[in-house]
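Presented below is the structure to which this report refers.
There are 2 protein chains.
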Amino acid sequence: MQEKIIDFLKKADGFISGEDISGALNISRAAIWKYIQELKKEGYEIVAVPHLGYRLESSPDKLFPHEIQFGLSTKVVGKKIVAYDSLDSTMDIAFDLGMHNAPEGTVVLAEGQSRGRGRLGRNWSSPKGKGIYLSIILRPLSSPSEVSRLTLLTAVAVSEAIKQVTGVSALIKWPNDLLVDDKKIAGILTELNAEVDRVKFVVIGIGINVNTRPDALPEGATSLRGILQGPVSRVELTKEILRQVERRYGELNKHGFAAIAQCWKGLSVTLNKRIKITDPGGMIEGVAVDIDKDGGLLIRKDSGVVVKKTAGDVVRVKS
Amino acid sequence: MQEKIIDFLKKADGFISGEDISGALNISRAAIWKYIQELKKEGYEIVAVPHLGYRLESSPDKLFPHEIQFGLSTKVVGKKIVAYDSLDSTMDIAFDLGMHNAPEGTVVLAEGQSRGRGRLGRNWSSPKGKGIYLSIILRPLSSPSEVSRLTLLTAVAVSEAIKQVTGVSALIKWPNDLLVDDKKIAGILTELNAEVDRVKFVVIGIGINVNTRPDALPEGATSLRGILQGPVSRVELTKEILRQVERRYGELNKHGFAAIAQCWKGLSVTLNKRIKITDPGGMIEGVAVDIDKDGGLLIRKDSGVVVKKTAGDVVRVKS
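This is how it looks when you write it as structure tokens:
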């Protein structure tokens with residue numbers, strides 16, 4: 004009911020009388036007053052003027068599902084949103100929902116995570132109310148080997164969303180980091196549940212340092228606030244991310260990976276650089292020359308041999 | 004406590020006095036009598052003779068963890084067993100345990116499944132008390148593309164276990180069925196949870212038609228009872244499967260896939276046959292010439308081109 008009242012206030016674009024709300028939602032004016040008090044506690048600024056009614060002055064920048072969904076206009080991604088004040092990891096909850104047949108596009112959001120994670124079981128710092136920590140369930144008709152495309156697709160979508168909302172250009176470090184000024188601003192983690200040759204579902208995790216103060220960030224990281232010297236609306240950025248992921252995912256399903264790969268290359272800080280890449284198989288050094296159709300990185304060693312890597316840690320080598 | 008009493012009776016190899024049990028387990032003789040009555044209800048035949056004590060005449064063929072673990076002597080597979088009288092699917096429970104850090108080798112067993120499943124979401128008929136329905140959690144250090152090896156490894160292990168316990172030769176139809184007289188006797192299902200390039204855990208499901216009456220089986224299926232004209236100990240067969248899986252899995256980790264692939268080829272009904280194979284990509288016809296290092300099937304089309312398939316439905320073509 005609170006959500007319905009907020010929707011009313013937002014659509015009103017000015018004052019709306021308690022009588023109008025009362026009539027439309029079929030509740031007493033006393034009940035409306037009670038709900039308004041609760042909304043104020045959640046951070047909504049609402050003024051009440053006798054004879055005029057209520058007016059919404061501002062909404063808190065909290066990742067409530069109804070805030071994200073207001074004016075979202077996606078068809079799949081974010082149609083269902085599950086939000087938590089704090090939890091261990093949005094990945095775990097999303098995986099659990101995926102196992103229990105949650106529909107494609109289901110989003111899990113948290114204000115803070117106590118055990119936010121990155122690739123290879125690493126930690127992802129997730130201070131409460133400061134960042135965006137979300138996981139999206141997708142159900143692509145593909146084999147496990149094609150799933151790394153979704154990591155790259157999401158990197159492109161998040162970079163575009165950041166650009167759209169804040170004007171900041173975030174570049175992509177293969178396979179899953181977004182950098183501004185060579186510092187990490189966002190990470191993407193893709194996990195899957197599959198039969199041997201058929202993906203059942205994928206969970207894409209996105210973590211973004213939005214309003215964290217620079218001095219509270221891990222070394223080598225930055226935040227949008229740090230770059231812009233001011234806060235960014237997490238709600239607006241989250242909405243734009245969901246829209247861009249939906250758009251790019253639709254493009255992948257309809258037209259294949261080629262155009263997305265092209266965008267990815269344009270945003271890459273890894274290609275055409277001399278790098279060292281380390282994975283369980285060892286370390287190799289060479290020039291990152293391309294990504295292949297599955298999102299793997301192709302490295303040309305000094306011997307001229309080109310090697311493909313589907314995962315690993317990349318370090319730039321000064322040449 | 005019941006399990007401890009059963010272990011005592013088994014090790015006794017004859018009568019054991021209530022006094023001895025009482026002393027060793029530090030419980031009253033009246034309590035022992037009560038436990039013995041409960042064990043009888045579960046199907047254990049126990050005789051009690053004044054002045055001699057108790058003797059175990061026979062154990063029920065039920066998949067109790069302590070029955071499976073008695074004399075099992077594996078190091079990893081089956082060290083932890085979770086058993087259910089009936090459930091939806093051992094795969095779901097095993098996946099859930101895997102997500103919650105259950106150790107490698109954890110086994111989930113059920114007497115019956117209401118939603119036992121096969122590959123591609125198909126149904127696996129799982130009548131209560133008649134078959135073996137189990138799932139094993141493994142945590143191999145590998146990439147998702149290597150996981151199909153585990154399907155083939157398990158097929159070899161299950162075939163060897165059936166041979167060992169019953170003398171019946173079950174052959175392997177790629178990728179995941181065991182056949183006797185061209186009829187399905189067992190199926191293997193491999194599911195995984197992974198990051199893009201790193202398996203977190205694998206759940207291997209094994210379903211075997213053991214004591215099902217032939218007239219209660221789906222078309223194209225058979226059971227060990229149907230072939231042998233008599234019942235088979237599900238407990239003994241389950242134990243042998245866990246041993247063989249452990250043995251072959253250890254071999255894979257130490258020496259690689261080559262020797263296992265060799266065994267698989269020797270048991271295959273698919274290789275060197277003319278087949279049609281259907282997958283989401285379409286249908287192709289040709290001769291199945293080999294499996295590759297990841298367990299994929301290589302088919303030589305009439306044009307001479309060799310195609311690799313990692314999944315699909317195979318139908319034999321009379322040539």
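Chains as they are written, first to last, in our numbering: chain A, 4 to 322; chain B, 4 to 322.
All residues carry an ideal CB built from backbone N, CA and C; glycine is no exception.
No experiment lies behind these values; they were computed from the predicted model shown.
When DSSP states are grouped into helix, strand and coil, residue 62/A belongs to the coil group. The continuous alpha helix (DSSP H) containing residue 252/A extends over residues 237-258.
In the DSSP assignment, residue 281/A falls outside any alpha helix (DSSP H) and within the unbroken beta strand (DSSP E) covering 277-282.
At a cut-off of 9 Å between beta-carbon atoms, residue 318/A makes no contact with chain B. Bounds of any alpha helix (DSSP H) do not take in residue 181/B; it lies within the beta strand (DSSP E) bounded by 180-183. Around residue 286/A, the same chain offers 279 and 280 as residues with beta carbons nearer than 8 Å, after the five sequence neighbours per side are excluded. For the C-beta of residue 106/B, not a single chain A residue is nearer than 8 Å; the gap to the nearest is close to 16 Å.
Among the residues of chain B, those whose CB is under 9 Å from the CB of residue 102/A are 95, 98, 99 and 102, following chain order. Residue pairing by DSSP places residue 189/A opposite 181/A and 211/A in a beta bridge.
The CB of residue 196/A comes closer than 9 Å to the CB of 98, 194, 195, 196 and 197 in chain B, given here in chain order. Think of a sphere of 8 Å around the beta carbon of residue 154/A: the chain B residues whose beta carbon falls inside it are 199, in chain order. Among the residues of the segment 125-143 of chain A, none has a Cβ less than 7 Å away from any Cβ of chain B. Residue 51/A: not part of any alpha helix (DSSP H); member of the beta strand (DSSP E) spanning 48-52, first to last residue. For the segment 297-315 of chain B, residues whose beta-carbon sits nearer than 7 Å to a beta-carbon of chain A comprise 313 and 314.
Chain-order list of chain A residues neighbouring residue 122/B: 198, by C-beta distance under 7 Å.
Excluding the 5 residues flanking it on each side, residue 10/A has same chain C-beta neighbours closer than 8 Å at 69 and 73, in chain order.
Residues of chain A with a Cβ closer than 7 Å to the Cβ of residue 150/B are, in chain order, 199.
Interface flag for residue 91/A against chain B is unset, since no Cβ pair is found closer than 9 Å. At least 9 Å separates the CB of residue 180/A from every CB of chain B.
Between residue 221/A and residue 128/A the beta-carbon gap is near 5 Å, inside 8 Å, which marks them as a contact.
For residue 265/A, the enclosing alpha helix (DSSP H) starts and ends at 261-270. Residue 282/A belongs to the set of residues whose beta carbon lies under 9 Å from a beta carbon in chain B. For residue 203/B, a Cβ of chain A is located within less than 9 Å of the residue's own Cβ. Residue 138/B carries a strand assignment under DSSP once its states are collapsed to helix, strand and coil.
Nearest to residue 33/B by C-alpha distance, out of 61/B, 20/B and 44/B, is 20/B. Put simply, the segment 175-193 of chain B touches the segment 151-167 of chain B. At least three CB pairs are less than 8 Å apart.
The C-alpha of residue 253/A lies about 43 Å from the C-alpha of residue 80/B. Distance from the CA of residue 284/B to the CA of residue 145/A, rounded to the nearest whole angstrom, comes to 11 Å. Around residue 217/A, no beta-carbon contact reaches into chain B at under 8 Å, the shortest distance being about 29 Å. Each of 241/A, 300/A, 289/A and 293/A was checked against the Cα of residue 66/A, and the nearest Cα belongs to 241/A. In the structure shown, the three-state DSSP call for residue 88/B is strand. In terms of Cβ geometry, residue 118/B and residue 263/B do not form a close pair [threshold 9 Å]. Linking residue 247/B to residue 185/B through their CA atoms gives a straight-line distance of about 23 Å. Under the criterion of beta carbons closer than 8 Å, residue 143/B and residue 206/B do not qualify as touching, at roughly 12 Å. When only Cα atoms are considered, residue 82/B and residue 111/B end up about 11 Å apart. In chain order, 133, 134, 135, 226, 227, 228, 235, 237 and 240 place their CB closer than 7 Å to the CB of residue 213/B, counting only its own chain and leaving out the 5 sequence neighbours on each side.
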